[in-house]
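One structure is given here, and the rest of the page talks about it.
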Amino acid sequence: MPQLRPLPLLLALVAASLASAWLNLNTGSAHIAVLEALQQVDSLDHQILLELRIPRMSTAFITGALLGIAGALMQVLLRNPLADPYILGVSGGASVAALLAITAGASGMILSGSAFAGALLSTLLVFTLAHGRGNWDSTRLLLTGVVLAAGWGAVISLLLAISPGTQLHGMLFWLMGDLGFSRTPLVGSLVLLFLLPVALAISPSLNLLARGELPAASLGVTVGRLRTTIYVLASLATASAVTQAGNIGFVGLIAPHMLRLLGARDHRLLIPGVALLGGTLLLLADAISRLIIEPRQLPVGVLTALLGVPLFLLLLFRSRQLNNE
Amino acid sequence: MSKPSAALLECRNLDIEIGGTQITRDLNLRIAAGQCWCILGRNGSGKTTLLHTLAGLRPARQGQIFLNGETLSSLGRRQVARQLGILFQMQTDSFPATVLEHVMQGRHPHLHAWQWESASDQTVALAAIKQLGLTDLQTRNIQTLSGGERQRVAIATLLTQQTRLLLLDEPSNHLDLHHRLSLLDELVANCKQAQQSVLMSLHDINLAARVADHALLLLGEGQVAHGPIDEVLTSQQLEMLYGHPLEEFQTAAGRAWLPR
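Chains as they are written, first to last, in our numbering: chain R, 1180 to 1504; chain Y, -16 to 243.
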């Protein structure tokens, strides 16, 4: 398997993040010379940059970073490579609450607020139900979450079916993930600033938990406390990501796997790496979503899948060759 | 509370129960430094449950366990892991890792929260890898190993943990004849030399008679026979244990039993 030097990988990821952030800033229906516009304080371009593009760029990066970390955490928590941030129904709860808010005519802060409340409610529900009377194992947690997510899915379909046509477009965009209404991602940034050091601090234990609960406990991990910590962190990250940008799929699933395939299997490297890679992927997807059918825009969630699927399959294909060597 | 004469592992009045089945009742056991114990019992007699309980991974119904003279339940997981290592019966790998990466994680209980493994940690891991004949497989993905290779990786991880007490749940699983004998012989010899103690569950009576100096038989319904191996491992006792007639032989390599 590929061996890896941590520093070059992290530097490459930082460079990729910066490059895609620059590309993202330069993309849009108006053609703007970014550096000049920043200096001309009174110009329209200046205003577009400060009020639209920079908030959108930072929202994209932070959402991607949050989803990447949440995905890596969920995969360890459930010991399941197929887990993504949404697997336990966090996004379903957020979506139902958001659609209800849209139905009621809400937008902006109220829409975000209800999405966040829905995400937390769903998290709490899964946690309480999975706990039950006994201890909670991964299978029970997974089943509870997946079933609840399916329930939310049915409610979402119901809401879509009975909503007036005028609201449907906005609802679909929200469900597929949309960065078009981004504001400065204050809450998301704070969550990321809190999440990253905590996730880094527990990353040696994450390496062990990935081996299983008993092996982890036998090597000195207090498993129950760690699992609760992971669950809270991942849910918080997912809730703030969904609140900021709707259901952007795929980033949380593939970003951790892409890094593992590249050789970053140690969570002390995977956690910071996946934040950068998740952010980069979403910055690129967002830029492309605005370029493909200019001047119209596609929901960014469509692009993350279109971009992610071939990239991921390519890495998987290559790793098969490497493993056989 | 810790005193020099304290046993490495001791339990007093230990009652263990799982799913309504009594495994031990009022068990009093002292495992001293340098001893090698084997646990024998039928399928489902509770060998694994006993090992997990002694490692503090599941609660006992009653009684106390002492590790180096200190109550097990008063110690944190990390403190326990510095003194007690356990080999599990099954190894499942959901995520890829190289053999070296996997074995290195045995150093975890000895590292601080923000500390990376040092060169000396790597030396310990590489020595264990060499001892188990895995040097050529160092960079292989553990998910691609055979059962026997995987079992040796697990044992190497345990040795890397460098604990004074080793609990092994069927260490001979998946191993071929040569590895089974040479590996266990070497493991036990090293342990005795370093004043470590081993407690292992086995299915093979002859292997038990070869490597262990003490035996613990789980006879069912909470009954346990334990003591020096020559006293406990008798044909009569073994026939009762397995419910099968046995023939005992005296051979140049020691005592041996064949089913009749």
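Even for Gly, the Cβ is constructed at its ideal location relative to N, Cα and C.
For the segment 1395 to 1419 of chain R, the beta-carbon criterion of a distance under 7 angstroms to any beta-carbon of chain Y is satisfied by Ala1396, Ser1397, Leu1398, Gly1399, Val1400 and Thr1401. Residues of the segment 1356 to 1389 of chain R with a Cβ closer than 7 angstroms to any Cβ of chain Y, in chain order: Ala1380, Pro1383, Asn1386, Leu1387 and Ala1389. Annotation: R:Ile1266 to R:Ile1427 spans about 13 angstroms, alpha carbon to alpha carbon. Two segments are said to touch when three or more pairs of C-beta atoms, one from each, lie closer than 8 angstroms; by this definition the segment 1363 to 1378 of chain R touches the segment 1444 to 1458 of chain R.
Contact annotation, R:Pro1435 with R:Ala1251: C-beta distance approximately 4 angstroms; criterion of less than 8 angstroms satisfied.
Between R:Arg1362 and the set R:Leu1388, R:Trp1331, R:Phe1429 and R:Met1236, the nearest pair of CA atoms involves R:Met1236. Counting only residues of its own chain and dropping the five nearest sequence neighbours on each side, Y:Arg133 has a CB closer than 6 angstroms to the CB of Gln74. Contact annotation for Y:Gly130 against chain R: no contact, minimum CB-CB distance about 17 angstroms [criterion: below 8 angstroms].
Contacts between Y:Leu40 and chain R, judged by CB atoms closer than 8 angstroms, involve Leu1393, Ala1396 and Ser1397 in chain order. Burial is judged here by how many other beta carbons sit within 10 angstroms of a residue's own beta carbon; R:Thr1323 has at least 16 and is buried. Judged by DSSP secondary structure, Y:Gln5 falls outside any alpha helix (DSSP H) and instead within the beta strand (DSSP E) spanning Thr4 to Ile14. By the CB criterion at 8 angstroms, Y:Leu142 and Y:Gln179 fall outside the cutoff. Comparing alpha-carbon positions, the option among Y:Asp187, Y:Glu169, Y:Asp76 and Y:Glu(-7) lying closest to Y:Gly116 turns out to be Y:Glu169. Membership of Y:Trp240 in any alpha helix (DSSP H) is not indicated; the residue belongs instead to the beta strand (DSSP E) covering Gly237 to Pro242. Of the residues Y:Ile138, Y:Met223 and Y:Gly237, the one whose Cα lies closest to the Cα of Y:Val82 is Y:Ile138.
Look at Y:Arg147 here: in three-state DSSP terms it is coil, with no helix or strand label.
Listed in chain order, the non-local C-beta contacts of Y:Glu231 below 6 angstroms within the same chain comprise Ser218 and Trp240, local neighbours out to five positions each way being set aside. R:Phe1429 sits in coil when the DSSP states are folded into three classes, being neither helix nor strand. For Y:Asn(-4), the enclosing beta strand (DSSP E) starts and ends at Leu(-8) to Ile1. Within 10 angstroms of the beta-carbon of R:Gly1287 lie fewer than 16 other beta-carbons, which makes it exposed.
Y:Pro228 places its beta carbon 8 angstroms or farther from that of R:Leu1398. Using a CB distance cut-off of 8 angstroms, R:Pro1451 does not count as an interface residue toward chain Y. Taking a beta-carbon distance threshold of 8 angstroms, Y:His91 counts as an interface residue toward chain R.
Sequence-ordered contacts of the segment 1468 to 1488 of chain R with chain Y are nonexistent [C-beta pairs closer than 8 angstroms].
The C-beta of R:Gly1403 has fewer than 16 other C-beta atoms within 10 Å across all chains shown, which makes the residue exposed. Within chain Y, no C-beta atom comes less than 9 angstroms from the C-beta of R:Arg1497; the nearest is roughly 14 angstroms away. The beta-carbon of R:Arg1439 is placed less than 8 angstroms from the nearest beta-carbon of chain Y. Using a Cβ-Cβ cut-off of 9 angstroms, R:Arg1444 is close to Phe78, Pro79, Ala80, Thr81 and Glu84 of chain Y, given in chain order. The beta carbon of Y:Asn11 lies closer than 6 angstroms to those of Arg(-5) in the same chain, with the five residues before and after it left out. When the five nearest sequence neighbours on each side are left out, the beta carbons in the same chain lying within less than 7 angstroms of the beta carbon of Y:Leu158 are those of Gly131, Gln134 and Leu166, in order along the chain. R:His1210 sits exposed, since fewer than 16 C-beta atoms from the chains shown fall within 10 Å of its C-beta. DSSP lists Y:Leu149 as the beta-bridge partner residues of Y:Gly68.
With contact defined as three or more Cβ pairs closer than 8 angstroms, the segment 1418 to 1433 of chain R and the segment 1275 to 1295 of chain R are in contact.
Taking 8 angstroms as the cut-off, the beta carbon of R:Leu1482 is found no closer than this to the beta carbon of R:Ile1472. DSSP lists Y:Phe49 as the beta-bridge partner residues of Y:Thr54. Assignment of Y:Ser180 by DSSP, reduced to helix, strand and coil, places it in the strand class.
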